[in-house]
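Please read the structure below before turning to the comments.
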Amino acid sequence: MVSRADRVVDLESVLAAEADFIDDPTDQGWLTATAAGERIYVRMGDFPDEDLWALWLGDGRWMEFTVPPARWNLRVRAARWSADARARLPRNEFHD
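Residue 96, in full-length UniProt numbering, is where the sequence shown stops; the numbers in between run on with no holes.
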């Protein structure tokens, strides 16, 4: 579950680490992974109006990208978020 308080501590290590993302079970439109010992969150963008992905860095900052880092797996599966997952909010809005 992503929150406004989450943040990336060491961006360089996170970007170089292997990360297998899964759908965040509690928040629609978000994927989560552990990379370099950090829990990280990527939001699916409203493509083509936004970049395809955005990594939540914390403190109101994002890293937007269309092509993920080489060691990241962001496969979008046919099955999506469960019906009890919290609704997707506009960018920069969180459920906390």
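Glycine included, every Cβ here is placed at the ideal spot set by N, Cα and C. These numbers were taken from a predicted model, which means no experiment stands behind them.
Assigned with DSSP and collapsed to three states, GLU93 falls in coil, not helix or strand. Taking 8 Å as the cut-off, the Cβ atoms of PHE65 and ASP51 count as close. Residue pairing by DSSP puts GLU64 in a beta bridge opposite ALA54.
When the Cα atoms are used, ARG91 and ALA19 turn out to be separated by approximately 23 Å. The secondary-structure analysis by DSSP pairs ASP59 with nothing; it has no beta-bridge partner.
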